[in-house]
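Only one structure is covered here, and it is reproduced in the block below.
Protein chains: 2
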Amino acid sequence: MRDQDKPEIRKLPLFRDMSAENFETLMQAAYAQTFPAQLEMIRQGEPADFLHIMMEGTVELFSGWRGRETTMAVVRPVSTFILAACIKDAPYLMSARTVEKSRIIMIPAKDLRATFRLDPEFAMSTITELANCYRSVVRHAKGLKLRTSRERVAAYICRQSRLAGSTASFILPMEKRLLASYLGMTPENFSRAVKSLQTDGVAIDGMRIIITDLKALEAIAGPDSLMDGPDANAEFPGADFPDVQWSDKQRRTS
Amino acid sequence: MRDQDKPEIRKLPLFRDMSAENFETLMQAAYAQTFPAQLEMIRQGEPADFLHIMMEGTVELFSGWRGRETTMAVVRPVSTFILAACIKDAPYLMSARTVEKSRIIMIPAKDLRATFRLDPEFAMSTITELANCYRSVVRHAKGLKLRTSRERVAAYICRQSRLAGSTASFILPMEKRLLASYLGMTPENFSRAVKSLQTDGVAIDGMRIIITDLKALEAIAGPDSLMDGPDANAEFPGADFPDVQWSDKQRRTS
DNA sequence: CGAGCGGTTTGATCTGCATCAACAAGAAGC
DNA sequence: GCTTCTTGTTGATGCAGATCAAACCGCTCG
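Sequence order for the protein chains is A and B. In this text, residue positions in the first sequence follow my numbering: the first is -10, and each later residue adds one. In this text, residue positions in the second sequence follow my numbering: the first is -10, and each later residue adds one.
Put into structure tokens, the structure is as follows:
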């Protein structure tokens, strides 16, 4: 584990507030590992022994069942993953594989669990982190149940543009097939969805998305802070979408 | 708030381990409320001011967007809901309405947040609770992405039968239209799915489900501890499903 | 440089599920 | 009691999105 890693990790909300001493102890137990691309480093169902911290590279979290599989998330530096499984000392619900060569720091789950018993600040950070994770999955599930695939693509483009600083143009952060699977559709359908959005303010050139008419796109996407985040909070005041109220006759969906 | 409520609440994993003193303080701040049926008590997007504890009745958690809506969960006594929003001091991601007349105890989110700063045991319980919630939604999302609606119905029946003590027959715990929406399909489609399962070991009589051939049903449902729970843990050893390995050619799904 | 290969796109077709409509069966209200 | 409303079921039809197939990239690698 490199010296410059520590300050990076220390900046994460999860580790920011704990005591310097406990942080050091945790880092003592940790070690770094570099994985080549396309390596399945975590297999769902196995016991969760380590909290993983992405330092460099890209990792896909996915799940399989009966020969089908779907990507649940794509993780980028610097962030942690599979916190919940470590806490519960339970089997991983998702598998993980590297998309590209990745450097990852692993903290033994045992030390993790010992530490938030010792350090109340770390316990607090863990609570906040888990609440964020939970809300993030709820949003994802809402999107799957309430939006059509075209709407999900439109909403994704709105969201990414916003994350990139509300720019009209940005580069897709991952392969389209991963994105398609994450959004709950086939690559073919994703491709068609993007193409069909060209009449609604989206242009595409390879991996670059250009929003030509934000109003038109938002009319499709119906961006909603309760599905597309981010959470309104003290840290990012005003970084929120409007919570539109709809009064038309409600009907149950999908 | 009734006297006999306290011991009931105290039994919940979330409140079980905190100090008696802090528990009392928290209960001082709480108050009970009774809602009639079909009352929308929480509207998504509003600030989360109270942790809710179901004492009697049934509550549906649902989400709406653009006039569509879908049920995310159905809550029964004795349990808590919308913990994450309270912690984050963020808007509710879901609405809640009573399905029947319900008695609910409400704890101010402010007191809640103050308490797990005071009580390390309560912080630990909160961590565990949130990890459970998170894993539960991940399971739900996996089911939506990996299974067809017929498979979801089959898996639901397996799961309920297991929860009822692995009995061959049980009563559906909620209206079929709620169940359908929770499982991500229309009532019509749910009805047809159940009917189509009659050739695979399921009989239905009104609200009663009878499993006539468990093996056949499981062949459809493919029950999997990573989707259908419960978590393997020290409390319920061996209460787990087999984690079947599939080696056929994997393909990306929906 | 050309061959091979995985990712992407496009087209044709199929199908699972939603939608629409009609009706039956309870449950609630007058 | 009868009416009215809600839920559940069944049938007919339509459509979103999956599947299958082929062509077209933009790679890497010999």
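Where is the CB? At the ideal position from N, CA and C, for every residue including glycine.
If you measure from the beta carbon of residue i to each beta carbon in chain B, is any gap under 8 Å?
i: SER180(A); result: no
i: GLN27(A); result: no
i: LYS77(A); result: yes
i: ILE96(A); result: no
i: ALA112(A); result: yes
i: GLY173(A); result: yes
i: ASP213(A); result: yes
i: ALA221(A); result: Model confidence at ALA221(A) stands at a pLDDT of 49, short of 50, so the residue's coordinates are unreliable and nothing is read from them.
Tell whether a beta-carbon distance below 8 Å holds between residue i and residue j.
i: ALA210(B); j: CYS147(B); result: yes
i: PRO80(B); j: GLU35(B); result: yes
i: SER91(A); j: THR47(A); result: yes
i: PRO202(B); j: MET113(B); result: Looking at the sequence itself, residue 202(B) is Asp, so the reference to Pro does not match. No.
i: ALA120(B); j: LEU119(A); result: yes
i: VAL1(A); j: VAL67(A); result: What sits at residue 1(A) in the sequence shown is Leu, not Val. Yes. Within cutoff.
i: ARG124(B); j: LEU101(A); result: no
i: ALA246(A); j: LEU133(B); result: Outside the displayed span of chain A (-10 to 243) sits residue 246(A), for which this structure offers no information.
i: ALA169(B); j: VAL88(B); result: no
i: ILE93(A); j: GLN22(A); result: yes
i: ILE42(A); j: THR69(A); result: yes
i: PHE159(B); j: ILE198(B); result: yes
i: VAL126(B); j: VAL127(A); result: yes
i: ASN11(B); j: ASP108(B); result: yes
i: CYS75(B); j: LEU28(B); result: no
i: MET163(A); j: SER138(A); result: no
i: SER52(B); j: GLU58(B); result: yes
i: TRP54(A); j: LEU172(B); result: no
i: THR104(B); j: PHE111(B); result: yes
Give a yes or no on whether 8 Å exceeds the smallest Cβ distance from residue i to chain A.
i: PHE12(B); result: no
i: ARG5(B); result: no
i: PRO109(B); result: yes
i: ALA210(B); result: no
i: THR23(B); result: no
i: THR47(B); result: no
i: GLY34(B); result: yes
i: ASP202(B); result: no
i: ILE42(B); result: no
i: ASP38(B); result: no
i: PRO80(B); result: yes
i: ASP100(B); result: no
i: PHE70(B); result: no
So with CB distances below 9 Å, who are the chain A contacts of residue i?
i: ARG148(B); result: The premise fails here: ARG148(B) is roughly 15 Å from chain A at the closest Cβ pair, so nothing lies under 9 Å.
Per DSSP, residue i forms a beta bridge with which residues?
i: GLY53(A); result: GLU58(A)
i: PHE159(A); result: ILE198(A)
i: MET95(B); result: TYR20(B) and HIS41(B)
i: VAL266(B); result: With chain B covering only -10 through 243, there is no way to say anything about residue 266(B).
i: ARG166(B); result: None; ARG166(B) has no bridge partner.
i: ARG70(B); result: In the sequence as presented, Arg is not what sits at residue 70(B); that position holds Phe. Note: PHE70(B) sits in a beta bridge opposite HIS41(B).
i: PRO80(A); result: PRO36(A)
i: GLU89(B); result: Looking at the DSSP assignment, GLU89(B) forms no beta bridge with any residue, so it has no partner.
i: VAL191(B); result: ILE200(B)
i: GLU(-3)(A); result: Answer is none; GLU(-3)(A) lacks a bridge partner.
Give the interface partners of residue i over in chain A, defined as CB-CB distance under 8 Å, in chain order.
i: TYR123(B); result: ALA73, LEU119, CYS122, TYR123 and VAL126
i: ARG106(B); result: PRO109 and MET113
Find the residues of chain A that neighbour residue i, judging by a C-beta separation of less than 7 Å, and give them in chain order.
i: HIS129(B); result: ALA130
i: LEU135(B); result: SER52, TRP54, ARG57 and THR59
Would you mind telling me which residues of chain B sit closer than 7 Å to residue i, beta carbon to beta carbon, in chain order?
i: GLN187(A); result: Neighbours of GLN187(A) on chain B: none; closest Cβ ~22 Å, over 7 Å.
i: MET216(A); result: TRP54
Any heavy atom of the ligand NAP inside 7 Å of the beta-carbon of residue i?
i: ARG102(A); result: Looking for the ligand NAP in the displayed structure turns up nothing, as the structure carries no ligands at all.
Going along chain B, which residues have a C-beta under 9 Å from residue i?
i: PRO162(A); result: Those within 9 Å of PRO162(A) in chain B number zero; the least Cβ separation is about 18 Å.
i: ILE116(A); result: ILE76, PHE105, ALA112, THR115, ILE116 and LEU119
Practice task
Only counting runs of 3 or more residues, tell me where the beta strand (DSSP E) segments fall wholly within the region 106 to 155 of chain B, in order along the chain.
Solution key: none
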